[in-house]
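Encoded as structure tokens, the structure appears first; notes follow it.
Protein chains: 2
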Amino acid sequence: MLTNIIKNNNLKKCFRQVKNYSTIIKPERDSKYATINNQDINYFQNILDKHSVLTDPSDVEGFNQDWMKKYKGTSSLVLKPKTTEQVSEILKYCNNRKIAVVPQGGNTGLVGGSVPVHDEIILSLANMNKIEGFDPITGVVTCQSGTVLENIESYLSPLGYTVPIDLGAKGSCQIGGNVSTNAGGIRLLRYGGLHGNILGIEAVLADGSIIDCLSTLRKDNTGYDLKQLFIGSEGTLGVITKVSMITPPKPTSVNVGLFTCDSFDKVKTILTRAKSQLGDILSAFEFMDRPCIDVVLAHQQVQDPFDNKQPFYILIETSGFNETHDSEKLNDFLESIMNDDLIVDGSLATDTKNISAFWKLRESITESLGKEGAVYKYDLSLPMDQFYSIVEIMRNKFEGKANVVGFGHVGDGNLHLNISTPKKPYQKEIFDMIEPFVYEYTSSHRGSISAEHGIGSMKPNHLHYSKSSNSIHLMKSIKNTMDPNNILNPYKVLPN
Amino acid sequence: MLTNIIKNNNLKKCFRQVKNYSTIIKPERDSKYATINNQDINYFQNILDKHSVLTDPSDVEGFNQDWMKKYKGTSSLVLKPKTTEQVSEILKYCNNRKIAVVPQGGNTGLVGGSVPVHDEIILSLANMNKIEGFDPITGVVTCQSGTVLENIESYLSPLGYTVPIDLGAKGSCQIGGNVSTNAGGIRLLRYGGLHGNILGIEAVLADGSIIDCLSTLRKDNTGYDLKQLFIGSEGTLGVITKVSMITPPKPTSVNVGLFTCDSFDKVKTILTRAKSQLGDILSAFEFMDRPCIDVVLAHQQVQDPFDNKQPFYILIETSGFNETHDSEKLNDFLESIMNDDLIVDGSLATDTKNISAFWKLRESITESLGKEGAVYKYDLSLPMDQFYSIVEIMRNKFEGKANVVGFGHVGDGNLHLNISTPKKPYQKEIFDMIEPFVYEYTSSHRGSISAEHGIGSMKPNHLHYSKSSNSIHLMKSIKNTMDPNNILNPYKVLPN
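Protein chains in written order, with full-length UniProt numbering: chain A, 1 to 496; chain B, 1 to 496.
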């Protein structure tokens, strides 16, 4: 099963043990890149105002590091353009001078994609934060890429619309970063991903040329759909400066159900039932195994939801436009799965307080695990038949040595496999028991080693577990075509 | 408003007046391509079985021409591979020999994309027609690219699922062609487009290398999303051999409403209301103006739906999973738009016979217009504010000279503007009154000159009306990177 895995290239690299999670391979600085000098800074001060060129180390520091304090660069310059034309002038100059650049949005990523690896200039989009237009008939919103996701939601909500993407980081992540990383989140089951919801993108290529694909049309079959290239390429192919997005009407009725069942096969059957009986009002289908619940109960002020402990807990959310209809559907669904002995216990919540209590069980898992000790985290997509098996395999492997838990967006096939040990810091022997096994298992079942977090600077050398050598070769050809000097977000996404 | 339109290049081209629709620019054969010889045919007979290499002119004829008999090539060879490896061997050979190739699916396109312009080899995918897998939990289906769309629907229907795309041509179009052309159709409003619904693609590049991105995962953020490049690039970047697609549960309850109103502003308001009140069960929002109804009444056995003639007719379809709920929603919606004087008349149909009668009004427009004389057809996407204005402008322009009608998928912003004259054949003076005006108008409002039909060999020289020179330049760079000898579907999509 594992024979078709491509061997990792023998890369020129230095290893370092980082504080959290995993051994990170940090490549050496590529000497082809220029280091910035006063003349460069003068140039940037001429095209931007002085408040938009940060050189004071205390100003720059926060931009050099990610929010988890896991990745840290050594940049000495942050540029904060306000217009697409300024982004264009900056990149044109950097391309000519061979200065490397890392675009940065809200800096809320998990794989080190938005901070410099070495001394790359940080191009912050934070000052490009205007909502430029909204069409109340079509629901299409257009905004600059630095607009904070929550601000778009606040703008749309009184107009009866909602953003089709929702993340825990919504208060600080920016739409340009969401698009660049093809962020997933909890609404994906209901509204689909960004490749479907983003209608237009304006982006600046490495040579400064502006690609205006800022369409607000749902249908446009005129040539290649270039905007798709920028979605999920983590700022390595161009800097996104504006996006237009279709937004759905805001649901007015929300219900949540919590259920337990005694086998993962039943979880799968309930998913199928939910999809057909709840139809389009189904907006979340999350699962947690019992060890998740135990961890949450140990660290949070919450009650065990049912007297009867069961191996699997499912949270189902519906969002619709008719409270009576939605409740009826959810009740019919509950009756049907109870009659067929698919669940052991079940409870419905329709008021905000109880809904929050149910969601708290699911949303506290990560924080609660953090209180247990060291947590080794994996964000996988797996086919349904292998979805929970990897948790069981790892649990057997770690019996008596670590707590292995599984939870996640089962409706999207996205498993969060977490392995926690009481001991800190992270131990090599635990990593060796997990990697490359988990990656090889995922690869052999055609899964994804990064369902929603991306590759960044964390996983370029693991890319081959999810993509073939021909695919990686084609990605490199496209990168080389669009950014021949490799100035945009170097050391990220693609292996050397 | 029209100043930013890029001037057409001075192309080496020969004009010809074709039977239907429009003046087509047919480029000269590029002498860099080899012409096939017996040795080539022997080679292909060695890698395919003899029934899969068609050289008899009577066998080849049907593949040389599109179904409208509008575009015709002069190919002498059709290859019908059965496996991806055979496609790979064919392309590798053609690339080395610089033999041009046109991939062909069901050959149901409207812009000449799937037939040879000159003597390109026709690579028919018709024999690659197997459904390879279906996951009843996730609803993901995987099949070879030559699978006829209707066959996928027939396969899924008894399993309680449905394809997210539906077209008039479903009985003969193939899924690979649908994906290559990013086909739209009537379910787009409900399920979104193929960029969101296609989860994986296997494709063969011009040099024969196989790009296996045949993921069945909803979430996979590992590197660039290469499959997106093949969606809508009309076979110019690679030959799609397999696809995987997410399929939604099949709705069990369908209702249709027909309404009239006295202004297009009210049509727009009703669209907004329908989106918020009907929510996710809204599956079609089509409009026709009164001249469309008059044409249908003149040529079909149908009755005027209401005594009171009005300028605009709207057809709204809902598809859901609960008949009672859906009817209630549609009734509440009807009451609300009547109370606010948005509509003049309205009628609901819930049984198959009446539903068909309502749809017949909409679906007979094209056929009925065809009986009037010469029809000049334009498939545009326009912002809502300009959506109907172009029909009124053209109607004023043609007063007394031609019948100008507008209809289409208003829910998707997709207008079909049709201008019919009693006289055949098509007249240059009529074209001159329409083009380039309609394209320039569309361009100045950032619309699309091809909402769903694509570019093919019909519109490469009109691409600049919807895409900037930087975008076209980037498309050409990508084409050159992926197919440096330009053997795949030459003379199509991109201007010289």
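Using N, Cα and C, we set each Cβ at its ideal position, and we do this for glycine too.
Quick caveat: nothing in here was measured; it's all calculated off a predicted structure.
Taking 8 Å as the cut-off, decide whether the C-beta atoms of residue i and residue j are in contact.
| i | j | result |
| --- | --- | --- |
| V410 of chain A | F285 of chain A | yes |
| I137 of chain B | I152 of chain B | no |
| T260 of chain A | Q310 of chain A | yes |
| V87 of chain B | T241 of chain B | yes |
| A274 of chain A | I316 of chain A | yes |
| G185 of chain B | G192 of chain A | no |
| K371 of chain B | H299 of chain B | yes |
| K92 of chain B | G208 of chain B | yes |
So what's residue i in DSSP terms, helix, strand or just coil?
| i | result |
| --- | --- |
| K401 of chain B | coil |
| S420 of chain B | strand |
| C173 of chain A | coil |
| G299 of chain B | The residue you asked about is not Gly; residue 299 of chain B is His in the sequence shown. In this structure, H299 of chain B counts as helix in the three-state DSSP scheme. |
| P291 of chain B | helix |
| V344 of chain B | coil |
| N127 of chain A | coil |
| T147 of chain A | coil |
| L415 of chain A | strand |
| L229 of chain B | helix |
| K479 of chain A | helix |
| Q65 of chain B | strand |
| D379 of chain A | strand |
| H409 of chain B | strand |
Going by C-alpha distance, which of the options is nearest residue i?
| i | options | result |
| --- | --- | --- |
| L258 of chain B | B:F358, B:H195, B:H445, B:K170 | B:F358 |
| N221 of chain A | B:G73, B:T35, B:H195 | B:H195 |
| T366 of chain A | A:S477, A:L417, A:G193 | A:L417 |
| Y33 of chain A | A:T252, A:N486, A:I472 | A:N486 |
| N129 of chain B | B:P116, B:E120, B:Y155 | B:Y155 |
| L77 of chain B | B:N96, B:E89, B:K69, B:N42 | B:N42 |
| D440 of chain B | B:P251, B:H462, B:P425 | It should be noted that the sequence gives Glu, not Asp, for residue 440 of chain B. Of the candidates B:P251, B:H462, B:P425, the one whose C-alpha sits nearest the C-alpha of E440 of chain B is B:H462. |
| residue 505 of chain B | B:M394, B:N127, B:L361 | Residue 505 of chain B lies beyond the stretch modelled for chain B, which goes from 1 to 496, so this question has no answer here. |
| D49 of chain B | B:K82, B:K26, B:D40 | B:K82 |
| Y313 of chain A | A:V111, A:V296, A:V140, A:M458 | A:V296 |
| M288 of chain A | A:S457, A:G62, A:D262, A:C213 | A:D262 |
| D483 of chain B | B:K92, B:T74, B:L205 | B:L205 |
| L494 of chain B | A:G223, A:E61, A:G200 | A:G223 |
| L188 of chain B | B:Q45, B:D280, B:Q427, B:E89 | B:D280 |
| S283 of chain A | A:D166, A:S31, A:L415 | A:D166 |
| G447 of chain B | B:Q427, B:V117, B:L334, B:F387 | B:F387 |
| D30 of chain A | A:K70, A:I430, A:K98, A:K69 | A:K98 |
Which residues in the same chain have their Cβ closer than 7 Å to the Cβ of residue i, if we skip the five residues on either side of it in sequence?
| i | result |
| --- | --- |
| T181 of chain A | G109, G113, G232, E234, G454 |
| K397 of chain A | M433 |
| S327 of chain A | N255, T350 |
If you follow the alpha helix (DSSP H) that residue i is in, where does it begin and where does it stop?
| i | result |
| --- | --- |
| G196 of chain B | 194-197 |
| M433 of chain A | 428-434 |
| A357 of chain A | 352-363 |
| L271 of chain B | 264-278 |
| V87 of chain B | 84-97 |
For the beta strand (DSSP E) holding residue i, just list the boundary residues, first then last.
| i | result |
| --- | --- |
| F333 of chain B | Not the beta strand (DSSP E): F333 of chain B falls in the alpha helix (DSSP H), residues 323-339. |
| Q104 of chain A | 101-104 |
| I131 of chain B | 131-135 |
| G257 of chain A | 253-261 |
| M245 of chain A | 239-246 |
| residue 498 of chain A | Past the boundaries of the shown model lies residue 498 of chain A; chain A is included only from 1 to 496, so the question cannot be answered. |
Counting only the same chain and skipping the five closest in sequence on each side, list residues whose C-beta sits under 6 Å from that of residue i.
| i | result |
| --- | --- |
| P305 of chain A | L258 |
| S22 of chain B | Here S22 of chain B scores only 45 on pLDDT, less than 50, and its place in the model should not be relied on; the value that follows carries that caveat. Correct list: empty, nothing qualifies. |
| S253 of chain A | G320, E323, D326 |
| G171 of chain A | E150 |
| N489 of chain B | V102, G235, T236 |
| F407 of chain B | M288, C292, I365, H416 |
Taking 8 Å as the limit between beta carbons, can you name the residues of its chain near residue i, skipping five residues before and five after?
| i | result |
| --- | --- |
| L63 of chain B | According to the sequence shown, residue 63 of chain B is Phe rather than Leu. Hits under 8 Å: L54, S75, V78, Q104, N107, V115, I122, S124. |
| D332 of chain A | Q277 |
| K476 of chain B | L494 |
| I337 of chain A | F259, I270, R273, I343, G346 |
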